[in-house]
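Visitor:
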Amino acid sequence: MDKFIAYGKKKADFIQINKTETNMRTVEVSDSKLNNATEEKEIKYFVRVWVDKKASLVYSNNLSNDLIDKAVKIAKASKKDESFYGLPNNKKMTNVKGLFSKKVQDFSGEDAINKMNGFLKNIKDVTIAESHFRVMDGSIKIAGSEGVDFERTSTGCSFDAFASYKKDNNYSTWGESMQRRDLFDLDKLGDKITEKAKFYSNLTKVPEKVDGFIFTPRFIPAIVGNAFIENLNAINLKNKNCLFENVGGQVCSEKFNLIDDATIDSGSGSYTFDLEGSASKRNVLINKGVLK
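Take my numbering: the last position of the sequence shown gets the number 375, and nothing is skipped along the way.
Okay, here's the thing in structure tokens:
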């Protein structure tokens with residue numbers, strides 16, 4: 084991509100090119116039966132340019148000077164982004180372990196079908212209304228006009244299933260999902276789905292008045308996301324378009340900490356560098372209730 088970066092530097096103030104390669108095997112289930120199985124391979128190039136703080140993003144499966152010219156043309160016609168201060172120029176990415184699994188890379192579409200067939204065979208009493216099992220491997224390469232030149236490979240497995248259970252005239256449902264960098268045991272998830280679907284068929288109506296609720300860990304990210312994520316967006320903070328007035332202020336209980344850590348080994352959301360070329364790091368967003 085070096086020659087395209089050199090060409091772009093003649094046309095724009097900044098240029099960045101990302102190349103993504105993705106191989107995905109997907110198996111879908113409906114009504115406890117295999118419904119569809121696909122294998123996809125995709126290569127994409129994303130070109131971002133800045134001209135006088137005016138930005139654009141274009142993408143294609145083919146990288147060319149013409150694609151860069153289109154990006155420059157769109158940027159010149161766009162509005163200025165006053166929050167843009169340049170591209171990263173770091174020369175080293177963070178070392179994060181466990182982001183790639185050879186077992187996942189070698190896991191074929193036929194293997195994925197066999198694994199889902201085994202999952203369905205072990206399911207008893209409940210109906211799997213809908214389920215998806217995906218296995219992915221791929222790479223991201225990024226190059227920029229400020230010297231960033233990184234490449235990383237990664238793998239991932241994801242699974243979701245929604246089950247229904249009928250007992251007499253009572254119906255209950257349960258959904259479960261999982262995302263990991265490596266392969267995981269679908270049979271254990273099947274046992275959990277069955278157990279939960281049966282359990283909730285025995286529930287009684289919640290009284291009108293209760294002393295409190297105890298949430299399971301799976302609900303915490305949703306609660307935190309709705310309450311904090313938009314209010315922690317840098318642009319929203321800068322424009323004071325959020326609940327928080329300024330950095331350093333007390334925004335919640337001192338018992339609460341919120342950390343965005345992209346360096347956790349084997350983390351499903353971890354990475355060595357982001358899509359702008361900045362090395363990943365551990366960011367403390369809220370410490371003892373104080374916005375950092």
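Heads up, the beta-carbon is just placed ideally off N, CA and C, and yes, glycines get one too. No experiment lies behind these values; they were computed from the predicted model shown.
1. Which runs of the beta strand (DSSP E), 3 residues or longer, sit entirely within the stretch 131-200?
2. Quick check on DSSP: helix, strand or coil for Asp114?
3. Using the C-alpha atoms, what's the distance from Gly372 back to Lys136?
4. Between the Cα of Met261 and those of Asp164, Val155, Asn253 and Gly273, spot the shortest distance and give me the residue it belongs to.
5. Tell me Asp344's beta-bridge partners as DSSP assigns them.
6. Tell me, which residues are paired with Ser284 by DSSP?
7. Which partner residues of Arg108 appear in the DSSP bridge assignment?
8. Buried or exposed for Thr287, going by 16 or more other Cβ atoms inside 10 Å?
9. Per DSSP, which residues does Val94 bridge with? Please list them.
10. Bridge partners for Met261 per DSSP, in chain order?
11. Report yes if the CB atom of Glu278 is closer than 8 Å to the CB atom of Phe245, and no otherwise.
12. Along the chain, where does the alpha helix (DSSP H) containing Lys321 start, and where does it finish?
13. Taking DSSP as the reference, what is the three-state secondary structure of Ile223?
14. Quick one: residues in its chain with C-beta nearer than 6 Å to the C-beta of Phe242, no 5 flanking neighbours on either side, listed in chain order?
15. Spatial neighbours of Asn144 within its chain, please: C-beta separation below 8 Å, excluding the five flanking residues on both sides.
16. If you compare alpha carbons, which of Lys281, Asp220 and Asp348 is closest to Thr210?
Guide: Inspection of the coordinates gives the following:
1. 137-143
2. By one-based count along the sequence shown, residue 114 stands at place 31. Look at Asp114 here: in three-state DSSP terms it is coil, with no helix or strand label.
3. Here residue 136 refers to the residue found at position 53 when the sequence shown is read from its first residue. Here residue 372 refers to the residue found at position 289 when the sequence shown is read from its first residue. Cα-Cα distance, rounded: 35 Å.
4. In the sequence shown, counting from the first residue as 1, residue 261 sits at position 178. Ranking Asp164, Val155, Asn253 and Gly273 by Cα distance to Met261 puts Gly273 first.
5. Taking the sequence shown and counting its residues from 1, the one referred to as residue 344 is at position 261. According to DSSP, Asp344 bridges with Arg365.
6. Locating residue 284 in the sequence shown gives position 201, counting from the first residue. Its beta-bridge partners do not exist; DSSP assigns none.
7. Here residue 108 corresponds to residue number 25 of the sequence shown, with the count starting at 1. Note: Arg108 sits in a beta bridge opposite Glu122 and Val218.
8. Your numbering for residue 287 matches position 204 in the sequence shown. It counts as exposed.
9. The sequence position of residue 94 within the sequence shown is 11, counting from 1. For clarity, residue 94 is Lys in the given sequence; the question names Val instead. Note: Lys94 sits in no beta bridge, so no partner.
10. By one-based count along the sequence shown, residue 261 stands at place 178. DSSP output for Met261 lists Phe242 as bridge partner(s).
11. Taking the sequence shown and counting its residues from 1, the one referred to as residue 278 is at position 195. Taking the sequence shown and counting its residues from 1, the one referred to as residue 245 is at position 162. Cβ distance not < 8 Å, so Glu278 and Phe245 don't count as in contact.
12. Numbered from 1 along the sequence shown, position 238 holds the residue referred to as residue 321. Looking at the DSSP string, the run of the alpha helix (DSSP H) that includes Lys321 is Ala317 to Lys321.
13. As a working mapping, residue 223 is identified with position 140 in the sequence shown. Strand, per DSSP.
14. As a working mapping, residue 242 is identified with position 159 in the sequence shown. Closer than 6 Å at the Cβ level, and outside the excluded window around Phe242, lie Phe216 and Met261.
15. As a working note, residue 144 is residue 61 in the sequence shown. For Asn144, where only same-chain residues beyond five positions count, the Cβ hits under 8 Å are Glu125, Ile126, Lys127 and Tyr128.
16. The count along the sequence shown starts at 1 and reaches residue 210 at position 127. Sorting Lys281, Asp220 and Asp348 by C-alpha distance to the C-alpha of Thr210 places Lys281 at the top.
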